[in-house]
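Novice:
Protein chains in written order, with this note's numbering: chain A, 221 to 673; chain S, 221 to 673.
#1: Is there contact here, the segment 389-406 of chain S with the segment 415-430 of chain S, by at least three beta-carbon pairs under 8 Å?
#2: Taking all protein chains shown into account, do 16 or more other C-beta atoms lie within 10 angstroms of the C-beta of residue 496(S), making it buried, or fewer, making it exposed?
#3: Let me check understanding here. Comparing Cα to Cα, which of 663(A), 386(A), 528(A) lies closest to residue 359(A)?
#4: Note down, in chain order, all residues in the segment 452-480 of chain A with a beta-carbon under 8 Å from any beta-carbon belonging to chain S.
#5: Using a Cβ cut-off of 8 Å (strictly closer), state whether residue 244(S) contacts chain A.
#6: Please confirm whether residue 292(S) and residue 322(S) have their CB atoms less than 8 Å apart.
#7: Would you tell me roughly how many angstroms separate the C-alpha atoms of residue 502(S) and residue 619(A), rounded to the nearest one?
#8: Mind listing, in chain order, the continuous alpha helix (DSSP H) runs of no fewer than 4 residues lying wholly within the segment 330-394 of chain S?
#9: Taking the alpha helix (DSSP H) that residue 639(S) falls in, what are its first and last residues?
#10: Taking 8 Å as the cut-off, does the segment 579-590 of chain A touch the segment 639-657 of chain A (at least 3 CB pairs, one atom from each stretch)?
#11: Rank 242(S), 309(S), 357(S) by C-alpha distance to the C-alpha of residue 463(S) and give the top, closest one.
#12: Going along chain A in order, which residues have a C-beta closer than 7 Å to the C-beta of residue 501(S)?
#13: Suppose the cutoff is 6 Å on Cβ atoms and the five residues either side in sequence are ignored; what does the same chain contact list for residue 460(A) look like?
#14: Compute the Euclidean distance between the alpha carbons of residue 659(S) and residue 609(S), then round it to the nearest angstrom.
#15: For residue 552(S), list the residues DSSP reports as bridge partners.
#16: With burial defined as no fewer than 16 other Cβ atoms inside 10 Å of the residue's Cβ, what is the status of residue 342(A): buried or exposed?
#17: In the DSSP assignment, find the unbroken beta strand (DSSP E) run with residue 451(A) in it and report its ends.
#18: How many Å lie between residue 456(S) and residue 436(S) at the Cα?
#19: Return yes when the Cβ of residue 521(S) is within less than 8 Å of the Cβ of residue 657(S), no when it is not.
#20: For residue 495(A), which of helix, strand or coil comes out of DSSP?
#21: What number of angstroms, rounded off, separates the C-alpha of residue 475(A) from the C-alpha of residue 597(A)?
#22: If we count the other Cβ atoms within 10 Å of its Cβ and call it buried at 16 or more, is residue 420(A) buried or exposed?
#23: Straight-line CA distance for residue 305(A) to residue 296(A)?
#24: For the beta strand (DSSP E) containing residue 490(A), list its first residue and its last residue.
#25: Closer than 8 Å, Cβ to Cβ, to anything on chain S: give me those residues from the segment 389-416 of chain A, in chain order.
#26: So, residue 662(S) versus residue 623(S), is the Cβ gap smaller than 8 Å?
#27: Between 673(S), 488(S), 288(S), which lies nearest to residue 605(S) when the distance is taken from Cα to Cα?
#28: Tell me whether the beta-carbon of residue 486(A) lies closer than 8 Å to the beta-carbon of residue 468(A).
#29: Rounded to whole angstroms, what's the CA-CA distance from residue 298(S) to residue 271(S)? Just pull it up for me.
#30: Short of 9 Å Cβ to Cβ, which residues in the segment 301-329 of chain A face chain S?
#31: For a contact defined as C-beta to C-beta under 7 Å, what are the partners of residue 226(S) on chain A?
#32: Tell me whether residue 436(S) sits in a helix, a strand or coil according to DSSP, three-state version.
#33: Under the three-state reduction of DSSP, which class applies to residue 626(A): helix, strand or coil?
#34: Just grab the DSSP bridge partners of residue 423(S) for me.
#35: Going by DSSP, which residues form a beta bridge with residue 417(A)?
#36: Which one of 449(S), 340(S), 504(S) has the shortest CA to CA distance from residue 482(S)?
Structure, rendered in structure tokens:
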């Protein structure tokens with residue numbers, strides 16, 4: 221175990237020895253995975269010391285790798301002039317992401333001390349929502365006026381080769397007064413003569429998106445077209461930036477990951493265990509406290525049937541089983557609906573279709589699970605009536621659970637609510653109530669009929 | 221609603237009217253989203269008819285858009301010569317993905333009728349696991365011998381412009397006897413003279429991956445380096461193909477989505493509701509039947525305390541609440557651990573660290589939830605002892621739940637098991653047992669002490 225722990229201990233040693241060169245070398249030798257882990261393990265003052273030791277370029281590269289929460293946390297503690305120097309070196313989309321996460325006062329102070337060009341561009345970018353084309357785009361792209369020639373482009377590329385080193389130069393955009401006219405690939409330039417005017421060789425059937433396009437639209441766009449980066453335009457057709465395919469896919473994968481957190485009851489954004497305990501506790505409680513009242517509501521069904529329960533105390537053993545198993549069956553249906561919604565294989569209004577498809581699976585699984593739990597009841601108590609009560613209740617409630625689980629995400633989506641977050645609690649409340657009601661009603665009917673079971 | 225339903229109805233009309241041109245035109249006017257949905261709604265024979273109406277090129281494009289399960293399902297029904305013609309038009313990674321999903325006899329028949337070059341390349345590709353560099357790579361890349369010149373490249377690009385239309389030509393690979401020597405970007409060629417030999421201008425510090433690299437390694441690779449596509453080599457350093465950044469990110473996002481299905485109990489691969497009912501039922505049951513026996517195990521704790529329960533029947537109302545709430549708290553901790561594991565912010569052996577971080581949140585949330593449920597008990601029954609029993613049990617069990625929920629994914633990962641799949645059932649079984657045990661033991665102590673409560 222000592223071996224695996226070493227990276228951040230070694231890093232702290234080097235930081236405390238105040239050896240910038242060695243720190244830099246050591247960071248370069250590390251994998252991003254280890255860097256992310258190590259930075260998260262440093263004390264706040266060690267993190268600050270580290271970013272001060274590094275050049276703004278290297279500090280920017282480091283911040284680019286670590287989670288945003290950690291990056292803003294360090295930047296907020298830093299002198300704003302120093303932070304501004306680091307921001308100057310970040311990609312434009314990263315600048316905007318971090319600044320919108322920071323407290324406004326700090327952010328404003330930093331922007332004021334950034335290079336005028338960078339500051340102007342970031343002021344424009346932070347106005348966009350993060351998950352829109354405007355929020356995802358980078359402003360590092362290459363555009364030339366349509367009257368320029370291939371030779372002009374080659375000249376510009378040679379002259380500023382260093383600047384363009386980090387640019388993604390798959391495409392060259394051709395504009396007229398800032399308005400996008402068309403696109404050229406590098407290979408088009410390679411195959412043309414140096415004298416050729418850009419408007420002669422340009423492909424004018426260029427695809428583009430509006431700066432207000434949502435992530436959902438961009439994900440569809442990725443499916444509809446093959447592209448490496450897509451130009452982003454404002455209402456007037458002016459070229460503002462480029463959204464890279466890989467940035468859309470990163471955002472999509474982040475979305476799936478946030479959905480996973482939500483279905484398990486982590487709300488209000490991601491949770492990292494390095495966040496303050498009170499914040500973590502509060503966010504988790506906001507979901508748990510809603511849930512506990514839904515649970516009390518469901519359990520009130522049991523309270524209404526206490527007499528029945530006193531007569532057949534064995535039922536108390538089966539109530540939590542029926543509640544949990546129905547929740548499991550229902551959550552399976554929720555998961556399939558969430559996935560089919562995100563793949564576009566069902567539409568929010570197709571409740572009846574989904575219900576039919578779930579019903580058949582629910583019937584089969586209900587029979588199997590009902591027989592299993594009935595067998596357990598019979599083996600334990602030797603009572604056929606008891607086994608019919610619990611088996612029948614679980615069978616019927618499995619059908620109820622998959623019906624609700626399959627359809628509730630569609631209904632929530634239709635009403636604009638977030639299905640990943642709300643489906644679970646709504647599902648379990650209804651299936652608990654139904655499960656308890658079925659079990660205890662069957663039992664009370666049996667009691668009326670047989671006197672005892 | 222009629223309006224939104226139209227796409228596949230219109231498509232069926234055109235297919236049945238046997239009008240290839242109009243079908244093609246209509247498909248081209250549709251968004252990918254609508255195509256995916258429409259194809260999934262066609263009858264098997266309509267799907268077959270559609271693919272026969274289209275040219276192999278257009279059919280290939282269509283298959284590229286729809287889920288693999290649907291694509292293989294149609295292809296298996298098709299004459300193998302016709303299917304082979306379509307396969308010839310697919311990208312190499314897509315060919316391999318579909319063929320490995322098909323039944324072996326059909327797949328072999330198709331490969332035998334593909335173009336010899338395509339068949340040879342796909343025979344090599346299907347040997348790789350899907351989630352490795354070999355399985356994800358495409359073989360459509362451009363490579364030149366190091367002794368060739370920039371002029372040779374330009375000549376080749378001009379001569380076969382049409383063939384390279386669909387290639388991603390960000391990089392040109394430079395080889396010697398098939399072995400990768402270095403890489404050139406298009407812009408390097410643009411800035412060099414036509415007479416320059418490739419080995420003079422080549423960048424030889426090229427990054428590459430082995431064909432056996434796992435998806436996990438590739439995801440780290442994406443984080444470590446900026447690249448558009450990375451060359452894939454075999455043990456001898458021979459260039460086999462290229463893995464695109466966007467394909468790695470797609471696979472990553474698919475992984476997050478599968479993880480979401482697994483945590484909710486969908487196992488054995490994705491489920492689409494268009495799959496056969498028996499298959500869907502069997503896959504879901506394989507998880508549910510394990511769960512029901514774990515549930516019986518947990519509930520057996522109640523069975524051992526039936527006497528206590530008969531004396532204080534109100535407890536039966538609270539047992540399911542304590543079970544469900546502890547499950548919720550524990551699952552939140554599971555979700556955070558799954559995410560921190562995938563972000564590389566914790567390592568599987570850091571159980572003690574995670575436990576400490578969960579304990580503090582568990583203590584806070586336990587107190588809040590315990591007080592809430594205690595208050596409900598007091599308001600309902602007016603018994604301070606009852607409210608202390610259920611409040612105390614939920615408080616303690618919340619701490620137990622977050623401790624287990626936080627650490628179990630790490631422990632499972634350490635033993636090579638899939639934490640997304642197994643964490644939930646293990647968690648709820650243990651927390652149920654503990655919750656029931658705490659509640660009923662407190663109650664029986666209270667009964668011994670006070671005689672009644």
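Every residue gets a Cβ at the ideal spot worked out from N, C-alpha and C, and that includes glycine.
Specialist: Quick look at the numbers:
#1: Yes: at least three Cβ pairs fall under 8 Å.
#2: Locating residue 496(S) in the second chain gives position 276, counting from the first residue. The residue is exposed, with fewer than 16 neighbouring Cβ atoms inside 10 Å.
#3: For this step, residue 359(A) is matched to residue 139 along the first chain. Closest option to residue 359(A), judged by alpha-carbon separation, among 663(A), 386(A), 528(A): 386(A).
#4: Within the segment 452-480 of chain A, the residues whose Cβ lies closer than 8 Å to some Cβ of chain S are 465, 466, 469, 470, 472, 473, 476, 477, 479, 480, listed in chain order.
#5: In the second chain, residue 244(S) corresponds to position 24, counting from 1. Chain A, which has no Cβ nearer than 8 Å to the Cβ of residue 244(S), makes this no.
#6: On the second chain, position 72 is the one that residue 292(S) refers to. On the second chain, position 102 is the one that residue 322(S) refers to. The Cβ atoms of residue 292(S) and residue 322(S) lie closer than 8 Å to each other.
#7: By one-based count along the second chain, residue 502(S) stands at place 282. By one-based count along the first chain, residue 619(A) stands at place 399. A direct Cα-Cα distance of roughly 16 Å separates residue 502(S) from residue 619(A).
#8: With a minimum length of 4 residues, the continuous alpha helix (DSSP H) runs that stay inside the segment 330-394 of chain S are 336-345, 353-356, 370-379, 381-384.
#9: Taking the first residue of the second chain as position 1, residue 639(S) is located at position 419. It spans 639-670 - the alpha helix (DSSP H) in which residue 639(S) sits, taken as one unbroken run.
#10: No, they do not touch.
#11: Against the second chain, residue 463(S) aligns to sequence position 243. Taking only the C-alpha atoms, the option nearest residue 463(S) is 357(S).
#12: For the purposes of this step, residue 501(S) is taken as the residue at position 281 of the second chain. Near residue 501(S) (Cβ distances below 7 Å), the residues of chain A are 581, 584, 585.
#13: Taking the first chain and counting its residues from 1, one reaches residue 460(A) at position 240. Excluding positions up to five away in sequence, the list reads 431, 452, 454.
#14: As a working mapping, residue 659(S) is identified with position 439 in the second chain. As a working mapping, residue 609(S) is identified with position 389 in the second chain. Approximately 6 Å, taken between the alpha carbons.
#15: Residue numbering aside, residue 552(S) sits at position 332 when the second chain is read from its first letter. Under the DSSP definition of a beta bridge, residue 552(S) lacks any partner.
#16: In the first chain, the residue the question calls residue 342(A) occupies position 122. Residue 342(A) comes out buried.
#17: Locating residue 451(A) in the first chain gives position 231, counting from the first residue. Counting along the chain, the beta strand (DSSP E) containing residue 451(A) begins and ends at 449-453.
#18: Stepping through the second chain from its first residue, residue 456(S) is reached at position 236. Stepping through the second chain from its first residue, residue 436(S) is reached at position 216. Between the alpha carbons of residue 456(S) and residue 436(S) lies a distance of about 23 Å.
#19: To locate residue 657(S), count along the second chain from 1; it is residue 437. To locate residue 521(S), count along the second chain from 1; it is residue 301. Going by beta carbons, residue 657(S) and residue 521(S) fall inside the 8 Å limit.
#20: Along the first chain, one-based indexing puts residue 495(A) at 275. Here residue 495(A) carries a coil assignment [DSSP, helix/strand/coil].
#21: Numbered from its first residue, the first chain carries residue 475(A) at position 255. Numbered from its first residue, the first chain carries residue 597(A) at position 377. Near 44 Å, if we compare the C-alpha coordinates of residue 597(A) and residue 475(A).
#22: Here residue 420(A) refers to the residue found at position 200 of the first chain. The residue is exposed, with fewer than 16 neighbouring Cβ atoms inside 10 Å.
#23: In the first chain, residue 305(A) corresponds to position 85, counting from 1. In the first chain, residue 296(A) corresponds to position 76, counting from 1. Residue 305(A) and residue 296(A) have their alpha carbons spaced roughly 14 Å apart.
#24: Taking the first residue of the first chain as position 1, residue 490(A) is located at position 270. Counting along the chain, residue 490(A) falls outside any beta strand (DSSP E), and DSSP gives it neither H nor E.
#25: For the segment 389-416 of chain A, which is checked against every Cβ of chain S, the residues closer than 8 Å are 389, 390, 405, 406, 407, 409, 410, 411.
#26: Position 442 of the second chain, counted from the start, is the residue given in the question as residue 662(S). Position 403 of the second chain, counted from the start, is the residue given in the question as residue 623(S). Result no, Cβ atoms of residue 662(S) and residue 623(S) do not sit closer than 8 Å.
#27: Walking along the second chain from the start, residue 605(S) turns up at place 385. Looking at the Cα atoms, 673(S) is the closest of the given residues.
#28: Looking up residue 486(A) in the first chain gives position 266. Looking up residue 468(A) in the first chain gives position 248. Not closer than 8 Å, so no.
#29: The residue you call residue 298(S) lines up with position 78 of the second chain. The residue you call residue 271(S) lines up with position 51 of the second chain. Going by the C-alpha atoms only, they are around 9 Å apart.
#30: So nothing in the stretch comes that close.
#31: The sequence position of residue 226(S) within the second chain is 6, counting from 1. Simply none; closest approach about 12 Å.
#32: Numbered from its first residue, the second chain carries residue 436(S) at position 216. In this structure, residue 436(S) counts as helix in the three-state DSSP scheme.
#33: Within the first chain, numbered from 1, the residue matching residue 626(A) stands at position 406. In the three-state reduction of the DSSP assignment, residue 626(A) falls in the helix class, which pools H, G and I.
#34: In the second chain, the residue the question calls residue 423(S) occupies position 203. In the DSSP output, where bridge partners are listed per residue, residue 423(S) has 403(S).
#35: On the first chain, position 197 is the one that residue 417(A) refers to. 369(A).
#36: In the second chain, the residue the question calls residue 482(S) occupies position 262. Nearest of 449(S), 340(S), 504(S) to residue 482(S), Cα basis: 504(S).
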